[in-house]
Amino acid sequence: MIVPELPADVAELKRQIGDFIEAEVYPIELKIAERNAIDPDEVNALRAKARVAGFSMLNMPKELGGRDLSMLAQVALEEESGKATNGLGFTVVDRGPRELLELLTPAQVEKYVMPIVRGEYREAWALTEPGAGSDLAALAATADRDGDDWVINGEKWFVTSEGDAGIYLVAAVHEGEQLLFLVEPGTPGMEITKTPRFLHDPYLDHHPEIVFTNCRVPAANQVSGGDSGSREWILVERLFIAARCCGAGLRLLEEASSWAQEREAFGGPIIENQGVSFPLADSLTELHAARLLTYHAAHAFDTLEDRKVVHGKVAMAKLFASEMAGRVADRAVQIHGGRGYMHENAAARFFREVRVDRIWEGTSEIQKLIIARGLQKRGAAPYLGWE
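Start counting the sequence shown at 1232; every next residue gets the next number (this note's numbering).
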């Protein structure tokens, strides 16, 4: 089976989220384009409204107030969030840190995860370093034990923190082993030195640079299985990037197609010209292929025991979907002409935003490396199977 049919309740939830994003988020996007800034109060109100609608923390276990959705279901919902620009989809499909539940102690879950579930703050992952981007094995930040504390030294870049995070997940190395720590904001020795602006700004997420200088963290804040936890988080994020790229591609395609049918030039709608219709045909074909890859990888995530094969399928989905979104965005801008270069047009915003999807959580080149190594070790059959 390539992709199983979505359960009726998930399909309905997907429709509701899509309607919510169109009705509530699209108008805010235009306000952001006009003032070139995000209003935090507006974002908080949007997040609260989405929580009331029942769109938040759906990936979490039922005992924590979630719906314990499968990865396939989560990807279907994440696809809807990808239709929003400026990162506003994160305020609607607001996921909890499910991957941490198997790593944290009950006391850590109560102290650090439950506030996230209640919507009090978000977590931030501090993995990337100036000399270690996609290669987590090259981390240079260190952690040394000193009595009842760990002492962290190092520098982190591109921290995913959505505003002011309530807790940071910080990766550091001790005697050749990668460890993970829960570090609270304001901890002495932890300093946010810079919050760079990026091409996709204004964007919901901030990506600060943090320096740790003899930063003391209680031993109770060490996360068990930190290395596997970091890699699992990245695996999940790669799959969600692919899903969001599919959502972006669909919105771009629909808006470009509608415009091409409305806009007239040289005696008829421009869609009647092959210079416009062929790029739309290419976009539809590539989008369909990307969706099949992404949904298939999500189904494999739920069902396959061989995580190496799952890792390869997710890499293929992230690679193809992120590259697809860039091509579709470029075509959409071209089809809209001069209007496509205006910030008020979603095509212009997506054109600058989806570019990073080929970089973060593992570049396209890293995905190709993962795929090629899997092919070398296992052959093509496991990755082409329909499971």
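All residues carry an ideal CB built from backbone N, CA and C; glycine is no exception. For clarity, every value in this text was computed on a predicted model and none was experimentally measured.
- Distance from the CA of SER1514 to the CA of ALA1479, rounded to the nearest whole angstrom, comes to 12 Å.
- DSSP lists ILE1441 as the beta-bridge partner residues of LYS1387.
- GLY1313 is the residue among GLY1313, PHE1251 and THR1516 whose C-alpha sits nearest the C-alpha of ALA1474.
- Rounded to the nearest angstrom, the gap between the Cα atoms of ALA1264 and THR1316 is 10 Å.
- Across the set LEU1511, MET1421, VAL1283 and VAL1467, the C-alpha of MET1421 shows the shortest separation from the C-alpha of ASN1384.
- Looking at the DSSP output, PRO1361 bridges to nothing.
- Per DSSP, ALA1402 lies in no alpha helix (DSSP H) segment; the continuous beta strand (DSSP E) that holds it begins and ends at 1398-1405.
- For GLY1350, no pairing in a beta bridge is given by DSSP.
- For TYR1343 and ALA1368, the gap between their C-alpha atoms comes out near 27 Å.
- Boundaries of the beta strand (DSSP E) around LEU1410: 1408-1414.
- Looking at the backbone, the Cα of GLY1407 and that of ALA1371 are separated by about 10 Å.
- Within the same chain, ILE1465, GLU1468, ARG1469 and ILE1472 come within 7 Å of GLU1592 by CB-CB distance, once the 5 residues on both sides are set aside.
- Annotation: the continuous beta strand (DSSP E) that includes ILE1423 extends over 1421-1425.
- Look at PRO1258 here: in three-state DSSP terms it is helix.
- Collapsing the DSSP output to three states places TRP1381 in a strand.
- Here ASP1379 is near ALA1450, since their CB atoms are less than 7 Å apart.
- Inter-residue distance for PHE1412 and THR1424 is about 20 Å (C-alpha atoms, whole angstroms).
- A Cβ-Cβ contact shorter than 7 Å links ALA1521 with CYS1477.
- Cα atoms of LEU1410 and GLY1417: separation of roughly 21 Å, rounded to the nearest angstrom.
- Pairing TRP1388 with GLU1440 gives a Cβ-Cβ distance under 7 Å.
- Below 8 Å, enough C-beta pairs join the stretch 1277-1289 and the stretch 1238-1256 to call them touching: three or more.
- Taking all protein chains in view, the Cβ of PHE1497 is surrounded by fewer than 16 other Cβ atoms within 10 Å, so the residue is classified as exposed.
- Closest in alpha carbon position to LEU1535, among ASP1375, PRO1613 and PRO1510, is PRO1613.
- Residue range 1538-1567 is occupied by the alpha helix (DSSP H) that includes HIS1567.
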